[in-house]
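Okay, so here's the structure we're looking at.
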Amino acid sequence: MDATKLRRAIARTRLAPVAAFPKRLARVARHDARVLRTSARWLLTSREHHNYTYELTKLSRHHLAWFVSVVCDVPVKQVRGWFAEIEGDDKLRAHIEAATAAASRRGLADRQVRYARRIGWYAIVRARKPAHVVETGVDKGLGSCVLAAALLRNAAEGHPGRLTSLDINPEAGYLARATPWSEVVDLVIGDSVASIGALERPVDLFLHDSDHSRVHERSEFEAVEPKLAPGAVLLTDNVTATNVLAEHAERTGRRFLAYRETPARHWYPGDGIGVAW
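All residue numbers for the sequence shown refer to my numbering, where the first residue is 1211 and numbers rise by one.
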């Protein structure tokens, strides 16, 4: 009996799990070894303690481009062009590197600029041309800079817009305090739900990226609903953890899609983008 026939014969017996165990163990060991190598490298080379930054895998980047293409009804080639646009913005990249190096929190931040799913935010703003973007949760301000960069490009093409960034931490947003990005950013410090309630301008694009509890995320979407302009887009950075935006979309008669990113060379499993429109 040849090896193939022997394996098939064993597979039909009670010995099958025992015979398969070495191969299964080897696969798990190879996977765990890759994870451990990646984790060890990150521990030794990165300073970040939360809100991790990383690149996307090539496949994840392709999927993000198609995700934006479907949501915004634009050609995927155009989306890829916007990805290249933000990633090729050398002025913004140099600013982020310099501001990170000079910041009081530089001991807990990497200088290398890695946007990950934020290039999807950029492309959505470039496609939708919103007059007023509101984001909750600013942290260092990396996402704020990306959104502001998109608004500045839109303005140069005749579609001006502003970004209202909400955070409860008075130290938040230091990356977005420099010109020209600060020229389109209004940084508001305070409780996000209360700040949303105080908004006077209609909101064309809303991004939840603050307290990621289900209760708070739901409270933000409920608070912003009466503030939304016709055809507004809702985004959440919490889509891999909750179904809050999907439920809100169903209640309000919107469509919903979710994208989950895959980080390259990083132990963190990644976040995602949820969109209701």
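Where is the CB? At the ideal position from N, CA and C, for every residue including glycine. Quick caveat, the model's predicted, so the values are computed rather than measured.
- Taken atom to atom, the span from the alpha-carbon of Y1332 to that of L1444 is near 14 Å.
- Taking 7 Å as the cut-off, the beta carbon of S1402 is found closer than this to the beta carbon of E1430.
- For the 7 Å CB-CB criterion, G1371 and L1361 form a contact.
- The beta carbons of R1470 and T1452 sit no closer together than 7 Å.
- When the beta-carbon positions are compared, A1341 and D1283 stay at least 7 Å from each other.
- Buried is the label assigned to V1343, since at least 16 other Cβ atoms lie within 10 Å of its Cβ.
- The alpha-carbon separation between L1254 and A1459 amounts to approximately 42 Å.
- Contact between the segment 1270-1289 and the segment 1300-1310 is absent, with fewer than three C-beta pairs closer than 8 Å.
- Under the rule that a run must span 3 or more residues, the beta strand (DSSP E) segments found entirely inside the segment 1332-1402 read 1342-1346, 1372-1377, 1395-1399.
- Here H1418 carries a strand assignment [DSSP, helix/strand/coil].
- Inclusion of T1346 and S1420 in the CB contact set at 7 Å is warranted, their separation being smaller than that value.
- Ranking I1483, T1462, A1359 by CA distance to the CA of V1394 puts A1359 first.
- Under the criterion of beta carbons closer than 8 Å, H1418 and D1396 do not qualify as touching, at roughly 18 Å.
- When C-alpha distances from A1311 are compared across V1238, R1257, A1366, the shortest belongs to R1257.
- Annotation for V1284: no beta strand (DSSP E) segment contains it, and DSSP assigns it neither H nor E.
- For the options A1474, P1473, E1457, the alpha carbon positioned closest to that of F1466 is the one of E1457.
- Of the candidates A1236, S1249, V1289, S1249 places its Cα closest to the Cα of P1473.
- With a contact defined as Cβ atoms closer than 8 Å, F1293 and I1329 qualify at about 5 Å.
- Just measuring C-alpha positions, the residue of V1485, T1374, Y1384, P1390 sitting nearest P1412 is T1374.
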